[in-house]
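Here the structure comes first, spelled out in structure tokens, and everything after it is commentary.
Protein chains: 2
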Amino acid sequence: MLEKKQNPLFVGTLAKGLRVLRAFDESHVSLSLAELVKLTGLEKSAVQRLAHTLHQEGMLERDPGTRRYRPSHAWLELAYAYYWSDPLISRALPKLVEFSRVHGETVNLAQISGDHIIYALRLPNQRTQFAASIIGRRVAALGTAAGRVMLATWSAQEVAHALESWPLHAMTPKTITDRAVIAQEIAQAAQDGYSLTQGQMILNEISLAVPITGIDGRAHAALQVAVSSHSFDPERVRQELLPALLDTASGIPGETLMQEPRS
Amino acid sequence: MLEKKQNPLFVGTLAKGLRVLRAFDESHVSLSLAELVKLTGLEKSAVQRLAHTLHQEGMLERDPGTRRYRPSHAWLELAYAYYWSDPLISRALPKLVEFSRVHGETVNLAQISGDHIIYALRLPNQRTQFAASIIGRRVAALGTAAGRVMLATWSAQEVAHALESWPLHAMTPKTITDRAVIAQEIAQAAQDGYSLTQGQMILNEISLAVPITGIDGRAHAALQVAVSSHSFDPERVRQELLPALLDTASGIPGETLMQEPRS
DNA sequence: AGTTGATGTATCATTATTTAATACATAGTA
DNA sequence: TACTATGTATTAAATAATGATACATCAACT
């Protein structure tokens, strides 16, 4: 039915079901059948059946009154399984907790995910925007200190490729959209071993990121602290937070050397 | 192919795909094709196709060397969508952050989910077990202070039903498995407005929970603090933490009165 | 009240898709 | 080298998903 022919191993029905799940996001917190039809582009009958099945299987809640579908607790259980599956998480979490406890500032673990970063762990400390406090958020990597400091550990070709092809979205009036400037920032981060941004995601926010590097020196994750520019200026961040953050990051091995044994 | 006949709206293929996803948990962090076959009970060919599709669609990572499948970052994105969809989360989060900042102790938001509780928000402060620090964990409700204090706001019939039919698993040598004793605890919690347990989930841990009640007085969520019995005794918890926790919980409305508008 | 339009629900013949068996490929072990 | 377990590829067969359609329900408007 769809124009795109695939490998015979491809199960279209499952892919469609996933499209229904992924229709939910921060601007679509609950969806009616008709809305699902619009968002997924699937047939009304198909959405009816898929949503029914997802509901039966406990993946979607349904409001009996409005008949709208919502994500279920199962979506949090999946995150739980993810956390166990990613070996970096268990190594990083205690260090983040310790940093948060000592410094009382917001600290995050970001991982590269294609051309975005995703926040895998967040320990919010100050009042901040909701989106900036919850895990799973994806942001264009080039626009973040975390993304830049990871790129700073990569090869020149990889950086060049990222600079010309990765997306970049203006989030605040101060967001840098000039890729040449970002190239500079990455080069600077490569020298300094950290990246610091101001007001890129949220106004009046200073963000400091350091890489979590593996044995080959390449980073796929970064530690990041976010502070308000009302309480900090960049210099104070460098003096008070940077050494501790570097220290914390160095205590987190960036790579696993062995595979999991059979279960 | 399965013996169970369903509503014609039920799409079996999608349900099978979900079974593959749900095969991953804390003791199955990565799975080979053969292991997926065992765990899901599906045909090898089916698993081959479903896993292939989930991989194509970005729901499963695959190690090119070992050919084992793992959860992908998409699992965290789903949690992100969940957080936006549940209106309690955005109301509770800033209060939890504030509590955590002021008291420096671990605080959680638990929600009832069938006969289990699920930890929807966690702000760990002290070093503690990994499982106790990450969101999405489900625990038998009767065995937790949070579950008991929620039940304490329910009707006598509901409590009776829960006491006789809900599961209960011994996690530590001190775990109470006598349902009569738990009945007592619930009755006590109904009087006190809080529930306090010691060493039920983790030895040397004291857990204090208070309900988040809606206008009808029934709770579907609870705030819970966990402290080490090395630093606290129950009396000190009651004196130092309980008033603040009650205060925090009372600042979180437990129910929404209006529905979301169309998108 | 009655009409209209939008949404959710139910049914069913058609056929495209999944199925499950099998054969082949590859890798690790004895 | 042979053996076993695991992953991959290819089919014919028929099951199970499809999508069109009809019906039901509800809200808004005249």
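Those sequence lines, one after another, are chains R and S. Position one of the first sequence corresponds to residue 1382 (the numbering used here), numbered consecutively onward. Position one of the second sequence corresponds to residue 1382 (the numbering used here), numbered consecutively onward. All C-beta atoms in this analysis are idealised placements derived from N, C-alpha and C, irrespective of residue type, glycine included.
| Check | Outcome |
| --- | --- |
| Neighbour list for residue 1547 of chain R in chain S, Cβ cutoff strictly below 8 Å | Those within 8 Å of residue 1547 of chain R in chain S number zero; the least Cβ separation is about 16 Å. |
| Environment of residue 1444 of chain S [buried if 16+ CB atoms lie within 10 Å] | exposed |
| Integer Cβ distance of residue 1463 of chain R from residue 1457 of chain S, believed to fall under 8 Å | 6 Å |
| C-beta neighbour in chain R for residue 1441 of chain S, strict 7 Å | no |
| Reference residue 1543 of chain R; option with closest CA among R/1585, R/1532 and R/1551 | R/1532 |
| 7 Å Cβ cutoff met for residue 1498 of chain S and residue 1478 of chain S | no |
| Reference residue 1516 of chain S; option with closest CA among S/1527, S/1526 and S/1502 | S/1502 |
| Beta bridge counterpart(s) of residue 1489 of chain S as assigned by DSSP | S/1503 and S/1605 |
| Neighbouring residues, chain R, relative to residue 1506 of chain S (Cβ below 8 Å) | 1478, 1481 and 1482 |
| Selection from S/1488, S/1404, S/1491 and S/1426 that minimises the alpha carbon distance to residue 1417 of chain S | S/1404 |
| Buried or exposed (CB count within 10 angstroms, at least 16 for buried), residue 1388 of chain R | exposed |
| Where the segment 1443-1456 of chain S meets chain R: residues whose CB sits under 9 Å from a CB there | 1444, 1446, 1447, 1449, 1451, 1452, 1453, 1454, 1455 and 1456 |
| Assumed close pair residue 1627 of chain R, residue 1591 of chain R - CB separation to whole angstroms, cut-off 8 Å | 5 Å |
| Cβ-based contacts, 7 Å cut-off: residues of the segment 1410-1428 of chain S near chain R | 1410, 1411 and 1416 |
| Backbone secondary structure at residue 1389 of chain S - three-state DSSP | coil |
| Minimum C-alpha distance to residue 1419 of chain R - residue among R/1410, R/1401, R/1511 and R/1430 | R/1401 |
| Chain S contacts from the segment 1545-1577 of chain R (Cβ-Cβ distance under 9 Å) | none |
| Within 7 Å, strictly: CB atoms of residue 1596 of chain R and residue 1618 of chain R | no |
| Beta-carbon proximity list for residue 1442 of chain S, same chain, < 6 Å, skipping 5 on both sides | 1451 and 1453 |
| Those runs of the alpha helix (DSSP H) which lie wholly inside the segment 1519-1594 of chain S and span at least 4 residues | 1526-1532, 1537-1546 and 1560-1573 |
| Closest Cα partner of residue 1551 of chain S within the set S/1577, S/1571, S/1495 and S/1581 | S/1581 |
| Whole-number beta carbon distance between residue 1584 of chain R and residue 1605 of chain R, since they are thought to touch under 8 Å | With 8 Å as the limit, residue 1605 of chain R and residue 1584 of chain R do not qualify as a contact, their Cβ atoms being about 17 Å apart. |
| The alpha helix (DSSP H) enclosing residue 1626 of chain R, as first and last residue numbers | 1623-1631 |
| Residue 1392 of chain R at chain S interface by Cβ criterion, 7 Å | yes |
| Chain-order list of residues whose beta-carbon lies under 6 Å from that of residue 1500 of chain R (same chain, five-residue window excluded) | 1489, 1491, 1516 and 1518 |
| Beta-ladder partner(s) of residue 1498 of chain S, from DSSP | S/1493 and S/1520 |
| Selected residue, minimal CA-CA separation from residue 1514 of chain S, among R/1610, R/1484, R/1470 and R/1507 | R/1470 |
| Chain-order list of residues whose beta-carbon lies under 7 Å from that of residue 1629 of chain S (same chain, five-residue window excluded) | 1476, 1480 and 1604 |
| Between the CA atoms of residue 1523 of chain R and residue 1612 of chain S - distance to the nearest angstrom | 45 Å |
| Test: residue 1407 of chain R CB closer than 7 Å to a CB of chain S | yes |
| Residue of S/1615, S/1599, S/1554 and S/1545 minimising C-alpha distance to residue 1576 of chain S | S/1615 |
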